Amino acid sequence: MLHNGSADAGCVVSSDVCNGSCTKKEVSVTSTAISMTVGIVSNTLALFILIKAYQRFRFKSKAAFLLFASGLVVTDFLGHLINGSLALYVYASQKDWETFDPHKSLCDFFGVCMAFFGLTPLLLGSLMAVERCIGVTRPLFHTTALGSHHVKRLLGLTWLLGLLVALLPLLLQRSYQVQHSRSWCFFRLQGLRDWVDVLLPILFCMLGLLALLVSLVCNTVTFLTLLQSRVQLDRDYHRHSRNTSHHSEMVCQLLAIMLVSCVCWGINITFKKCFLLKNSNTFI
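All letters in the sequence shown, in the order written, are residues 17 to 300 by the numbering used here.
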């Protein structure tokens, strides 16, 4: 009787554990699918609006901002689509990396995508903040120095920088690592072997924090400049008010982007940097 009771109790416990893990898995898959869908739909809508706006302001000072914004939206759209699809595939494969990815090629690709689509939007957000700061504080220089071809070149260089940072581990023959949840891959954060393993994620963190800092400084300068211009008396009040309104609209959009970036990435990047610096004491 004791044996049967123990066996029944064991079955109940194992059943509870199975139900709990299955429930967590279903929640994770559902949240991933919802996040992916919302990201794709919202970015598609935003891109449609930006294209319409760019056609309207193509030859005005707002065109540069709209090009940067379109680049940010396209990058975020591809990030949700690619990373979300990879995460769903990992869940569908029961997160058994040893079986479906024995050579770690998928993990490396996943890691490159996570690094690229994580860093590049932060860099683009800082570029948008710099562009608006120049447009408000140095309008003549903005008109001559930030034409459409210059903006497109800056977009290409930003994507290239993000891709270089993402590919750096593979160029140095350092594979990406499956993270604790086993649902995604990123820089090696556990079991650091030498300074290279420490420097790679720290480089990612430093660039991300620098982008957030530049955005904060430029948006603050832009906001203070607009605030000062609003309280000054101007003879051509209506034109001045209309231009200030356009600038204020773009600054509000930048502040929203910066807030989301700080909440989603700022805390996470700072935590990772502190964690890496703490673990790097092993190699001192």
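Glycine included, C-beta positions come from ideal geometry on N, C-alpha and C.
Everything numeric in this text was worked out from a predicted model, so none of it was measured.
query, result
"Helix, strand or coil at GLN189 according to DSSP, with G and I counted as helix", "coil"
"Integer Cβ distance of PHE132 from ALA69, believed to fall under 8 angstroms", "Going by Cβ atoms, the distance from PHE132 to ALA69 rounds to 27 angstroms, so no, they are not a contact pair."
"First through last residue of the alpha helix (DSSP H) which encompasses GLY141", "121-153"
"Distance CB(MET130)-CB(PHE220) smaller than 8 angstroms", "no"
"Close-in-space but distant-in-sequence residues of the same chain around VAL152 (CB under 7 angstroms, 5 per side omitted)", "THR238, THR241, LEU242, HIS263"
"Pairwise C-alpha distance: LEU135 and PHE125", "15 angstroms"
"Cβ distance (whole Å) where SER231 is taken to contact GLY141 below 8 angstroms", "5 angstroms"
"Pairwise C-alpha distance: THR160 and HIS166", "10 angstroms"
"Per-residue burial, MET52 [other beta carbons within 10 Å of its own, 16 or more giving buried]", "buried"
"Secondary structure of PHE116, DSSP reduced to three states", "helix"
"N- and C-terminal bounds of the alpha helix (DSSP H) containing HIS96", "78-108"
"Given 8 angstroms, three or more beta-carbon pairs between the region 102-114 and the region 192-211", "yes"
"Status (buried if at least 16 other CB within 10 Å, exposed otherwise) for PHE84", "buried"
"Other residues of its chain near PHE303: CB distance less than 7 angstroms, five sequence neighbours each side excluded", "Residue numbering for the chain in the displayed model covers 17 to 300; residue 303 lies beyond these limits and cannot be assessed."
"Under 8 angstroms between C-beta atoms of GLY178 and LEU139", "yes"
"Exposure label - ASP210; buried when at least 16 CB within 10 Å", "exposed"
"Under the three-state DSSP convention, the category PHE203 falls into", "coil"
"Burial state of LYS78, where buried means 16 or more other Cβ atoms lie within 10 Å", "buried"
"Inter-residue CB distance, SER47 and TYR107 (contact presumed, cutoff 8 angstroms)", "Not confirmed; about 11 angstroms, so no contact."
"Supposed contact pair LEU63 and PHE93 - C-beta distance, whole angstroms, cut 8 angstroms", "7 angstroms"
"Residues that DSSP places opposite HIS194 in a beta bridge", "The displayed chain sequence assigns Val, not His, to residue 194. Paired residues: CYS201."
"C-beta atoms of GLY163 and HIS96 nearer than 8 angstroms", "no"
"Beta-carbon gap between LEU223 and VAL214 smaller than 8 angstroms", "no"
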